[in-house]
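Participant: Attaching a single structure in structure tokens format; questions to follow.
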Amino acid sequence: MTARSDATRGGMSRFLFIFVALLAVSFGAELTPWAQVWIVTPWTDAVARIAGTLMRTFDASIATSGNIIATTRSTFAVAIEAGCNGVEATLVLVAAMLAFPATWRHRLAGIAIGVAAVQLLNIVRVISLFYLGQWNADVFEWAHLYVWQALIMLDVLIVWVIWVKLAGARRTFAGDDAVAA
Amino acid sequence: MSTPPSASPLHAAPTVTGFTLRALGLLPFAFVVWYFAAPVLLFPVVLLLRGIAHVGFSGLVASIEQSAAIATFVTSLRISGATTRGVLTVDVNLLLYAFGMPLYAALTLASRSKSWRRNLALGYVVLAPCVAFGAFADFLKNVAITAAPAIAAQTGFAAWQREAIAFAFQLGSLILPAVAPAVLWVALNQRLIAVLRRGGESVSSA
Numbered sequence: 001m002t003a004r005s006d007a008t009r010g011g012m013s014r015f016l017f018i019f020v021a022l023l024a025v026s027f028g029a030e031l032t033p034w035a036q037v038w039i040v041t042p043w044t045d046a047v048a049r050i051a052g053t054l055m056r057t058f059d060a061s062i063a064t065s066g067n068i069i070a071t072t073r074s075t076f077a078v079a080i081e082a083g084c085n086g087v088e089a090t091l092v093l094v095a096a097m098l099a100f101p102a103t104w105r106h107r108l109a110g111i112a113i114g115v116a117a118v119q120l121l122n123i124v125r126v127i128s129l130f131y132l133g134q135w136n137a138d139v140f141e142w143a144h145l146y147v148w149q150a151l152i153m154l155d156v157l158i159v160w161v162i163w164v165k166l167a168g169a170r171r172t173f174a175g176d177d178a179v180a181a
Numbered sequence: 182m183s184t185p186p187s188a189s190p191l192h193a194a195p196t197v198t199g200f201t202l203r204a205l206g207l208l209p210f211a212f213v214v215w216y217f218a219a220p221v222l223l224f225p226v227v228l229l230l231r232g233i234a235h236v237g238f239s240g241l242v243a244s245i246e247q248s249a250a251i252a253t254f255v256t257s258l259r260i261s262g263a264t265t266r267g268v269l270t271v272d273v274n275l276l277l278y279a280f281g282m283p284l285y286a287a288l289t290l291a292s293r294s295k296s297w298r299r300n301l302a303l304g305y306v307v308l309a310p311c312v313a314f315g316a317f318a319d320f321l322k323n324v325a326i327t328a329a330p331a332i333a334a335q336t337g338f339a340a341w342q343r344e345a346i347a348f349a350f351q352l353g354s355l356i357l358p359a360v361a362p363a364v365l366w367v368a369l370n371q372r373l374i375a376v377l378r379r380g381g382e383s384v385s386s387a
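Here it is in structure tokens:
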């Protein structure tokens, strides 16, 4: 029992160390001019384009340009910036999946499905904020700055826990078959 | 007749769905408490900010005042305009860096751990410095990078220091507020995560 607890604690320390290291490296890389030009900006524009395309199915007034979503009904528009494009949430999820002991097959499947799940919720965030902003500026501020930030991270956490459940099989933080005793 | 207390140490294991619904249900409650308690919750953060300013930036920051969730940095940087003369003050909204607190509280309460009080307290102790880090980086970014050149020049920061401030600001605003509560929750709830993985099985409450 003690040996298992020690192994799990050691596994957790290893997981946290690798997670933080991967996150620091990927976040640092994200901030480089090269990554901003070739990855973050196209990604952000794609988020705006996809959200705009979805919104046009029920709102013909929607127009997009680069990272901006606007409506022809008024002068209201939103610009998707860092923190709202889902890039950081994606980095967190990928780092957490790579840091946890699992097979590469499970990791790659988890990253593909998990990133899609996080981005899907992020699209919902963008669309909801666009309409909240036209309705009430205070509610928009609250949802934008606090509530959706927490919800996206909760989404990342839940996706990770589900992935650990499905892909982790009988693995633990210690990386062995310790749990199902 | 009364029903005898259950002698079984077993109880139904929590599921991912149940945990998620509880966390989502608790989140609005946590946000309301957090918002109205912010002046008290964030007072220690302001003390931390004062400590950081005193130790590392005493030539730059004269004082830091708190008004609700706003920290006002009174600097020693001079403003000289045609009609104005004085020192620069910078307001930082601490809530921007503290939204991880209600998230962590919702996760902790949704976990139904016997140690929820200890975990909440531990979370506060860990998250408060993260809030201070983000807020101070925000202040530094304001005076060293986004301020007018005449103001920024007075700070005396070298190019590499401005780069470091920019990185610290991005880290403190985009990563730490959201990731710190999640990481802490994972670290303190390994047993629950193991149970969630086996959702539907019974577990010993011992």
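Those sequence lines, one after another, are chains A and B. Under my numbering, the residues of the first sequence are numbered 1 to 181, in order. Under my numbering, the residues of the second sequence are numbered 182 to 387, in order. Note that CB positions come from ideal geometry on N, CA and C, so glycine has one too. None of these values were measured; they are calculated from a predicted model.
On the three-pair Cβ rule with 8 Å, is the segment 273-291 of chain B touching the segment 306-315 of chain B?
Facilitator: yes
Participant: Run the CB neighbour count on Leu-108 of chain A, radius 10 Å, all protein chains shown included, and call it buried at 16 or more, exposed below.
Facilitator: Residue environment: Leu-108 of chain A is assigned as exposed (fewer than 16 neighbouring CB atoms within 10 Å of its CB, all protein chains considered).
Participant: Are Phe-200 of chain B and Ala-291 of chain B touching if we call contact CB-CB under 7 Å?
Facilitator: yes
Participant: Report yes if the C-beta of Leu-98 of chain A is less than 6 Å from at least one heavy atom of the ligand FAD; otherwise report no.
Facilitator: The ligand FAD is absent from the structure shown, which contains no ligand whatsoever.
Participant: Quick check on Gly-337 of chain B: does DSSP put it in helix, strand or coil?
Facilitator: coil
Participant: Have a look at Ile-80 of chain A and Thr-44 of chain A and give me their C-alpha separation to the nearest angstrom.
Facilitator: 7 Å
Participant: Can you pull the chain B neighbours of Leu-154 of chain A, defined as C-beta to C-beta under 7 Å?
Facilitator: Contact note: Leu-154 of chain A reaches chain B through Ala-204 and Leu-284, using a C-beta cutoff of 7 Å and chain order.
Participant: Are three or more beta carbon pairs between the segment 82-97 of chain A and the segment 19-34 of chain A nearer than 8 Å?
Facilitator: Judged by Cβ distances under 8 Å, the segment 82-97 of chain A makes contact with the segment 19-34 of chain A, as three or more pairs qualify.
Participant: Is the segment 27-36 of chain A touching the segment 68-76 of chain A in the sense that three or more CB pairs, one from each, lie closer than 8 Å?
Facilitator: No, the segment 68-76 of chain A does not touch the segment 27-36 of chain A.
Participant: Counting only Cβ pairs nearer than 8 Å, list the residues of chain A close to Ile-374 of chain B.
Facilitator: Val-161 and Val-164
Participant: Tell me the DSSP bridge mates of Thr-64 of chain A?
Facilitator: A:Ile-69
Participant: What is the DSSP secondary structure of Asp-138 of chain A, counted as helix, strand or coil?
Facilitator: helix
Participant: Using a threshold of 7 Å, state whether the C-beta atoms of Met-97 of chain A and Gly-110 of chain A are closer than that.
Facilitator: yes
Participant: According to DSSP, which residues form a beta bridge with Ser-128 of chain A?
Facilitator: According to DSSP, which records beta bridges pairwise, Ser-128 of chain A is partnered with nothing at all.
Participant: Check Ala-109 of chain A in the structure and name its three-state DSSP category.
Facilitator: In this structure, Ala-109 of chain A counts as helix in the three-state DSSP scheme.
Participant: Quick one: which residues of the segment 78-105 of chain A get their C-beta closer than 7 Å to a C-beta of chain B? List them in chain order.
Facilitator: Ala-82, Gly-83, Glu-88 and Val-92
Participant: Compute the distance between the beta-carbons of Asp-155 of chain A and Val-118 of chain A, then report whether it is under 7 Å.
Facilitator: For Asp-155 of chain A and Val-118 of chain A, yes; Cβs fall inside 7 Å.
Participant: Taking C-beta to C-beta, are Val-226 of chain B and Ala-331 of chain B nearer than 7 Å?
Facilitator: Contact flag unset, no.
Participant: Check distances from the C-beta atoms of the segment 21-33 of chain A to those of chain B and list, in chain order, the residues that come in under 8 Å.
Facilitator: Leu-23, Phe-27, Gly-28 and Leu-31
Participant: Counting pairs of Cβ atoms below 8 Å between the segment 235-255 of chain B and the segment 215-224 of chain B, do you hit three or more?
Facilitator: yes
Participant: Just to make sure I have the definition right: I need the residues of chain A whose C-beta is within less than 7 Å of the C-beta of Leu-355 of chain B. Which are they?
Facilitator: Ala-82, Gly-83 and Glu-88
Participant: Can you tell me whether Arg-354 of chain B is helix, strand or coil according to DSSP?
Facilitator: The sequence given here places Ser at residue 354 of chain B; Arg does not occur at that position. Three-state DSSP puts Ser-354 of chain B in a helix.
Participant: Taking the DSSP output, what are the residues bridged to Gln-247 of chain B?
Facilitator: B:Ala-252
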